[in-house]
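Below is one structure, written out as structure tokens; comments come after it.
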Amino acid sequence: MATTIQIKRSTGVAAPAASDLVEGELAYAEDRTNSGAGAKLYISSIDSGGNEVIQELGGKYYTDLIDNATDANTASTIVKRDGSGNFSAGVVTFGSLSDGSITATAFVDEDNMASDSASLIPTQQSVKAYVDAQVGAGDLDAAGDSGTIDIDLDSETFTVAGGTGITTAASGTTITATLDNTAVTAGSYGSGAAIPVLTIDAQGRITAASTASTSSTLTIGADSGSDDTVTVGTDTLNFVGTANEIETTVSNNQIQVGLPNNVTIGGNATISGNLTVSGTTTTVDSTTLSVSDPLIILASGNGASDAVDIGLYGLYDTSGSQDLYGGLFRDANNSGKWKLFKDLQEAPTTTVNVSGTGYTVATLVAHLEDDAVAITGGSITGITDLLVADGGTGVSTFTSNGIVYGNGAGALQATAAGTDGYFLYSNSGTPDWTNVVDGGTYS
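One point on numbering: in the numbering used here, the residue at position 181 of the sequence shown is 168, and numbering is uninterrupted.
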């Protein structure tokens, strides 16, 4: 690495001009005559209008301000809190104070609370004066659904009057409201052969009650077949399902109609919504399978880890006595590489056993077309040195640890190996190594 790194500097206190620096270049004004009291660090930057500007980054001037911070009430110093979180100050002026839900803007001395403000804080004397003025008021205000009253507690009586169908009575410290009787005789109305007939007034009271006879038979109809009659109170109406199609249950006066665990549909089934299958195995025995989805997702439950292989495989038998499996899969145990295989004698489960009997890398007949094809293992046979496509020379070996660069038309050159900590620079147009960085000076 570089042993000497210098930035631009000045012995004075003035900031550098924009012409002294380029974008991103640093400079330090040392202020030597004041022992660095006004020393500042600057950087050249570009503003939103595309103009070069000089910005202050720091320096001894600012570190002295931080070092001189105090919790005392000292003018022109940065304030810091002491070990208990306190600091001294003169008069503190604020626009508002808030605890998150209540905002206060000032303190007020107002004995009658006439301003009725939601943001002023009264003094203790104001609160006491207001409470003292209110205690001893002799009126009771009351309001109903309509109308209000003002009762003098020393001379008037508060009366609770009953409305329609309600009578009130006072005794001791209790006022009792009683619902008035109607012309209806108390009792039970209705039976298995009759239903109650009730008359209810505007106050919700039953003012008349009688019964009406009901029919004892119920006619039942369906989509097909003739109607049937059920005698209420005698017959039992049964809801009977069909095997592997519909099942029924009765519990707590409820009839539930649903599908059995195993459903058989003899004809075609059309599902207009989405179909969710939650089992572990889905078998499709149809001879033709058509899917409109252009992209099929596999291993959709593999989002929390990379524990299963992803792909597809098929079954075949070339001998008539041994089942074989071949397919394409992403190997979770081999950095997610995609593999084409054949002749595996055991059916894959959640993974493909690449060590299983008969497992063989299958042959892919295809054209490879990409900007870059990487061959990470093995070798390429049947060819000579690979030529560089643009201006190549056929060179296949270079200096160990050197940096390759162009050296004239159709020629490549390599530098010597660099020393630790050195970096590459142009030496009269030729790449070379150095460890010195000097930003120069400015005046």
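For every residue, glycine included, the Cβ atom is placed at its ideal position computed from N, Cα and C.
Classify residue i: buried if its beta carbon has 16 or more other beta carbons within 10 angstroms, exposed otherwise.
| i | result |
| --- | --- |
| Val339 | buried |
| Ala376 | At Ala376 the pLDDT is 48, less than 50, meaning the model places this residue with poor confidence; the figure from the coordinates comes in the next sentence. With fewer than 16 other Cβ atoms within 10 Å, it is exposed. |
| Asp215 | exposed |
| Gly369 | Confidence at Gly369 is low in this model, with a pLDDT of 49, below 50, so its placement is unreliable and no value can be given for it. |
| Pro3 | buried |
| Ser(-3) | buried |
| Asp18 | buried |
| Ser129 | It is worth fixing the name first, because residue 129 is Ala in this sequence and not Ser. When all chains shown are included, Ala129 counts as exposed. |
| Phe94 | exposed |
| Lys324 | exposed |
| Phe145 | exposed |
| Phe410 | exposed |
| Ala14 | buried |
| Thr226 | Note on identity: in this sequence residue 226 is Phe, with Thr being the wrong assignment. Phe226 is exposed by the Cβ-count criterion. |
| Lys115 | exposed |
| Leu166 | exposed |
| Leu8 | buried |
If I measure Cβ to Cβ from residue i and keep anything under 7 Å in the same chain, skipping five residues before and after, which residues do I get?
| i | result |
| --- | --- |
| Asn414 | none |
| Pro247 | Asn231 and Glu234 |
| Glu39 | Ala5, Glu10, Ser31 and Ile33 |
| Ala1 | Ala16 |
| Thr440 | There is no way to answer for residue 440, as the model of the chain reaches only from -12 to 430. |
| Gln309 | Gln332 |
| Leu373 | Note on Leu373: pLDDT 49, under 50, position unreliable in the model; the coordinate value appears next. Excluding positions up to five away in sequence, the list is empty. |
| Thr236 | Gln243 |
| Thr257 | none |
| Gln229 | The residue asked about is misnamed: residue 229 is Thr in this sequence, not Gln. Nothing meets the Cβ criterion. |
| Asp272 | none |
| Ile53 | Ile65 |
What would DSSP say about residue i, mapped onto helix, strand or coil?
| i | result |
| --- | --- |
| Arg21 | This sequence places Asn at residue 21; Arg is not what is there. If DSSP states are grouped into helix, strand and coil, Asn21 belongs with the helices. |
| Lys67 | coil |
| Asn422 | coil |
| Val295 | coil |
| Asp463 | The structure shown has nothing for residue 463, since the chain only spans -12 to 430. |
| Asp51 | helix |
| Leu373 | Low local confidence applies: a pLDDT of 49 at Leu373 is under 50, so the model's placement there is unreliable, and no value is given. |
| Tyr346 | coil |
| Ser113 | helix |
| Val227 | coil |
| Ala129 | strand |
| Ala5 | helix |
| Ala120 | helix |
| Asn414 | strand |
| Ser106 | coil |
| Ile30 | strand |
| Ser85 | strand |
| Thr144 | coil |
| Gly253 | coil |
| Gly212 | coil |
| Tyr392 | strand |
| Ile258 | coil |
| Tyr15 | strand |
| Thr201 | coil |
| Val40 | strand |
| Glu234 | strand |
| Gly266 | coil |
| Ser(-3) | strand |
Excluding the 5 residues preceding and the 5 following residue i in the sequence, name in chain order all residues of the same chain whose CB lies nearer than 8 Å to its CB.
| i | result |
| --- | --- |
| Pro335 | Asp296, Tyr300, Tyr312, Gly314 and Phe316 |
| Ala319 | Asp293, Ala294, Val295, Asp296, Ile297 and Thr338 |
| Ile207 | Asp214, Asp215, Thr216, Val217 and Leu224 |
| Gly37 | none |
Starting from the C-beta of residue i, find all residues in its chain whose C-beta is less than 6 Å away, skip the five residues before and the five after it, and write them out in chain order.
| i | result |
| --- | --- |
| Gln(-7) | Asp425 and Gly426 |
| Thr402 | Gly389, Ile390 and Pro418 |
| Gln485 | Here the chain comprises residues numbered -12 to 430, so residue 485 is not present and cannot be evaluated. |
| Tyr224 | Inspection of the sequence shows that residue 224 is occupied by Leu rather than by Tyr. Around Leu224: Val217. |
| Thr194 | Thr169, Thr186 and Asp188 |
| Asp481 | What is shown of the chain runs -12 to 430, which leaves residue 481 out entirely. |
| Val184 | Ser197 and Ala199 |
| Glu12 | Ser31 |
| Lys47 | Gly23 and Ala26 |
| Phe74 | Asp58, Val66 and Arg68 |
Any C-beta of chain C sitting closer than 8 Å to the C-beta of residue i?
| i | result |
| --- | --- |
| Asp310 | The chain labelled as chain C is not found in the depicted structure, where only one protein chain is given. |
- Query: Does the segment 298 to 311 come close enough to the segment 273 to 280 to have 3 or more Cβ pairs within less than 8 Å?
  - Reply: Cβ pair count under 8 Å is below three, so no.
- Stretch pair the segment 256 to 273 + the segment 238 to 246: three plus CB contacts closer than 8 Å: Flag = no, the segment 256 to 273 and the segment 238 to 246 do not touch.
- Query: For the 8 Å Cβ check, are there 3 or more pairs between the segment 194 to 206 and the segment 170 to 181?
  - Reply: The segment 194 to 206 makes contact with the segment 170 to 181, as at least three CB pairs between them are under 8 Å.
- Runs of beta strand (DSSP E) wholly within the segment 268 to 344 (minimum 3 residues, chain order): Those beta strand (DSSP E) runs which fall completely within the segment 268 to 344 and span 3+ residues are 297 to 303, 311 to 318 and 324 to 331.
- Message: Could you check whether the segment 128 to 138 touches the segment 157 to 173, counting it as contact only if at least three pairs of C-beta atoms, one from each stretch, sit closer than 8 Å?
- Response: Short answer: they don't touch.
- Query: Which runs of the beta strand (DSSP E) fall wholly inside the segment 163 to 193 and span at least 3 residues, in chain order?
  - Reply: Correct list: 181 to 187.
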